[in-house]
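Visitor: One structure follows; several queries about it will come next.
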Amino acid sequence: MVKMCRVVLLFLAISLVATGQFVAQDDPVMVLTVGKKGISDKFGRKVDGATISIKQDGKAFKTVTTASNGKYEDVTMPYDHVYEITISKGGFVKKVTIIDGKKGYFPEDVKEKKTEITFVPEMVTKQPGVDYSIITNAPVAKARIDPSTGQMNYDMGFISRRSKEIQKFMEGVANKEKANEAEFNTKLAAANKAYSSKDYQTAIDKYKEAKALKPDHPGLDDKIAQAKAKMEENAANAELLAKFNAKIKEGDDLVHTQKWDEGIKKYEEAKSMKPGDPIPDKKIALANKKKAEAEDAAKNQQYAAKLKEAKVAFDSKNYENAKTLYQEALGIRPNERFPSDKIKEIDGIMANKA
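Next up, the structure:
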């Protein structure tokens, strides 16, 4: 019996212990208890919020729920009834156990008034795409009254058959899970590589494919959210860059037609869009330089024209007009010595005439 119990522990841990403790009623009872271990998964992690629903002769009898330590309150179950015990929780495989306290029950045959049934089935986490009906469609274990002793005992024949059946199925699931793990790791590596390469759409697609293989894997939702945020950031940056480049082009077009101030204004608008970008400052500096050069060239033309007019007037001995023109030339180029010298010369000529 001990050997068989070890086999079934992969799927259901159940022990039957008769005690001499009396309860209030005279008739003997069974007590469903979690013992010291608590409900857990195959890794030993306690399962919180698992529901244990008990039917008595097909009708709802009692429901208890596991706490954070995997334990639940004891349930007293009178003999002379058949109990269907179902443990379930979202994300885990449902399991059913049958405790038959009716067939072969004779109160006088039960030596002890209280029979403890330690009920701690191992919870199996569901894997995507796996059909667990082989476990859920039939009980995983049964206990019954041994007709030779009148005491509650395992139906070891049933348990052995179910254990082998379920173990074979779980081995197949494990093999599939191993293949699933390899595929998951491949998808995850591809997603991380795409993310590092800033190919965020591919990264999102690969993270989603990985998530389809392992919906509960921690961190995938965050990775998808981060990739989406990067895509949105890139889209926003692309839109900003397009507007920025458009302003720069407007400025270039205006500067090209020597509309310096209007062009500089466009560069300033571009600068406000991307304050840290050096392009607008370079464009503004170049526009100001070209503006200054153009203004200087215009002054040179004006200055040369005035000198030419002044010379014609001077050569015609129209000294008053010549002096005025040289003064205008000096106004254009205040630091030029030639107009001043000509004005002095004209003043001398006019003084001698007087």
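My numbering applies: residue 1047 is where the sequence shown begins, and numbers increase by one.
Where is the CB? At the ideal position from N, CA and C, for every residue including glycine.
In this text the structure is predicted, and so the values were computed from the model without any measurement.
Do Asp1094 and Met1169 count as a contact pair if the criterion is CB distance below 7 Å?
Guide: Taking 7 Å as the Cβ cut-off, Met1169 and Asp1094 do not qualify as a contacting pair.
Visitor: Using only the alpha-carbon positions, how far apart do Gly1297 and Ala1282 sit?
Guide: Distance between the alpha carbons of Gly1297 and Ala1282 is about 23 Å.
Visitor: Whose C-beta lies closer than 7 Å to the C-beta of Ala995 among residues of the same chain, with five residues either side of it excluded?
Guide: Here the chain comprises residues numbered 1047 to 1400, so residue 995 is not present and cannot be evaluated.
Visitor: Do Ala1096 and Thr1112 have their C-beta atoms closer together than 7 Å?
Guide: Result yes, Cβ atoms of Ala1096 and Thr1112 sit closer than 7 Å.
Visitor: How many angstroms separate the CA atom of Leu1287 from the CA atom of Val1219?
Guide: Using only the alpha carbons, I get a separation of about 52 Å.
Visitor: Go ahead and pull the three-state DSSP assignment for Phe1089.
Guide: Reduced to three states, the DSSP call for Phe1089 is coil.
Visitor: Spell out a yes or no on whether the stretch 1137-1144 and the stretch 1177-1197 are touching, meaning 3 or more CB-CB pairs, one atom from each, closer than 8 Å.
Guide: At 8 Å Cβ cutoff, the stretches touch.
Visitor: Which of helix, strand or coil does DSSP assign to Ala1184?
Guide: Reduced to three states, the DSSP call for Ala1184 is coil.
Visitor: Assess, as a yes-or-no matter, whether the stretch 1225-1240 is touched by the stretch 1187-1197 under the definition of 3 or more beta carbon pairs within less than 8 Å.
Guide: With the cut-off at 8 Å, the stretch 1187-1197 and the stretch 1225-1240 do not touch.
Visitor: Going by the DSSP bridge assignment, what does Arg1190 pair with across the sheet?
Guide: Note: Arg1190 sits in a beta bridge opposite Asp1146 and Asn1199.
Visitor: Can you tell me the Cα-Cα spacing of Thr1370 and Ile1392, whole angstroms?
Guide: Going from the Cα of Thr1370 to the Cα of Ile1392 covers about 10 Å.
Visitor: Report the option in Tyr1125, Ile1310, Lys1148 and Lys1117 whose CA atom is closest to the CA atom of Ile1133.
Guide: Among Tyr1125, Ile1310, Lys1148 and Lys1117, the Cα nearest to that of Ile1133 belongs to Lys1117.
Visitor: Within its chain, find whatever has a CB closer than 7 Å to the CB of Leu1234; leave out the 5 residues flanking it on each side and keep chain order.
Guide: Answer for Leu1234: Ala1256, listed in chain order.
Visitor: So for Ser1243, helix, strand or coil by DSSP?
Guide: Coil, per DSSP.
Visitor: Less than 7 Å between the beta carbons of Ala1240 and Ala1249, yes or no?
Guide: Contact: yes.
Visitor: How about the stretch 1306-1317 and the stretch 1325-1335: do they share at least three Cβ pairs that are nearer than 8 Å?
Guide: These segments touch.
Visitor: Is it buried or exposed, Arg1091, if we count other Cβ atoms within 10 angstroms and call 16 or more buried?
Guide: Exposed is the call here.
Visitor: Start and end of the beta strand (DSSP E) containing Phe1384?
Guide: Looking at the DSSP string, Phe1384 is not in any beta strand (DSSP E); the run it does join, the alpha helix (DSSP H), is Arg1383 to Lys1399.
Visitor: Measuring straight from C-alpha to C-alpha, what distance separates Pro1151 and Lys1214?
Guide: It is worth fixing the name first, because residue 1151 is Tyr in this sequence and not Pro. Approximately 35 Å, taken between the alpha carbons.
Visitor: Rounding to the nearest angstrom, what Cα-Cα distance links Ile1270 and Lys1148 in this structure?
Guide: Ile1270 and Lys1148: Cα-Cα distance of roughly 56 Å.
Visitor: Going by C-alpha to C-alpha distance, which of Ser1099, Glu1162 and Ala1344 sits closest to Tyr1129?
Guide: With distances taken between Cα atoms, Tyr1129 lies closest to Ser1099.
Visitor: If you draw a straight line from the C-alpha of Gly1211 to the C-alpha of Asp1120, how long is it?
Guide: The sequence shown places Glu at residue 1211, not Gly. Those two C-alpha atoms are separated by around 30 Å.
Visitor: Tell me the residue span of the alpha helix (DSSP H) that contains Gln1349.
Guide: Checking the displayed sequence, the identity of residue 1349 turns out to be Tyr instead of Gln. Looking at the DSSP string, the run of the alpha helix (DSSP H) that includes Tyr1349 is Ile1325 to Asp1361.
Visitor: At which residues does the alpha helix (DSSP H) containing Tyr1365 begin and terminate?
Guide: Start and end: Tyr1365 to Ile1378.
Visitor: Which residues in the same chain have their Cβ closer than 7 Å to the Cβ of Asp1072, if we skip the five residues on either side of it in sequence?
Guide: Taken in chain order, the list of residues that qualify is empty.
Visitor: With Glu1162 as the anchor, note down where its beta strand (DSSP E) starts and where it stops.
Guide: That run of the beta strand (DSSP E) goes Lys1160 to Phe1165.
Visitor: For Lys1260, does the count of other Cβ atoms within 10 angstroms reach 16, so buried, or fall short, so exposed?
Guide: The residue is buried, with at least 16 neighbouring Cβ atoms inside 10 Å.
Visitor: Classify Lys1244 as buried or exposed, calling it buried when 16 or more other Cβ atoms lie within 10 Å of its own Cβ.
Guide: Lys1244 is exposed by the Cβ-count criterion.
Visitor: Would the beta-carbon of Val1156 fall within 7 Å of that of Pro1124?
Guide: Result no, Cβ atoms of Val1156 and Pro1124 do not sit closer than 7 Å.
Visitor: Output needed for Ile1180: all residues of its chain with C-beta closer than 6 Å, excluding positions within five of it in sequence on either side, in chain order.
Guide: If we look at Ile1180 and ignore the five residues flanking it on each side, its Cβ neighbours are Phe1215.
Visitor: Please name the residue, chosen from Ala1236, Asp1146 and Lys1363, that lies closest to Asp1251 on a Cα-to-Cα basis.
Guide: Comparing Cα positions, the closest option is Ala1236.
Visitor: Can you tell me which of Glu1158, Gln1373 and Val1301 puts its alpha carbon nearest to the alpha carbon of Leu1035?
Guide: This structure gives no information on residue 1035, because the portion of the chain shown stretches from 1047 to 1400.
Visitor: So Ser1134 is in the alpha helix (DSSP H); what residue range does that whole segment cover?
Guide: Ser1134 -> not in any alpha helix (DSSP H); beta strand (DSSP E) instead, spanning Val1128 to Ser1134.
Visitor: Look at the alpha carbon of Glu1217 and the alpha carbon of Asp1146, and state the distance between them as a whole number of angstroms.
Guide: Their Cα atoms are separated by approximately 30 Å.
Visitor: Report all residues from its chain with a CB closer than 6 Å to the CB of Thr1122; omit the five preceding and five following residues, and keep chain order.
Guide: So the list reads Val1075 and Val1077, once near-sequence residues are dropped.
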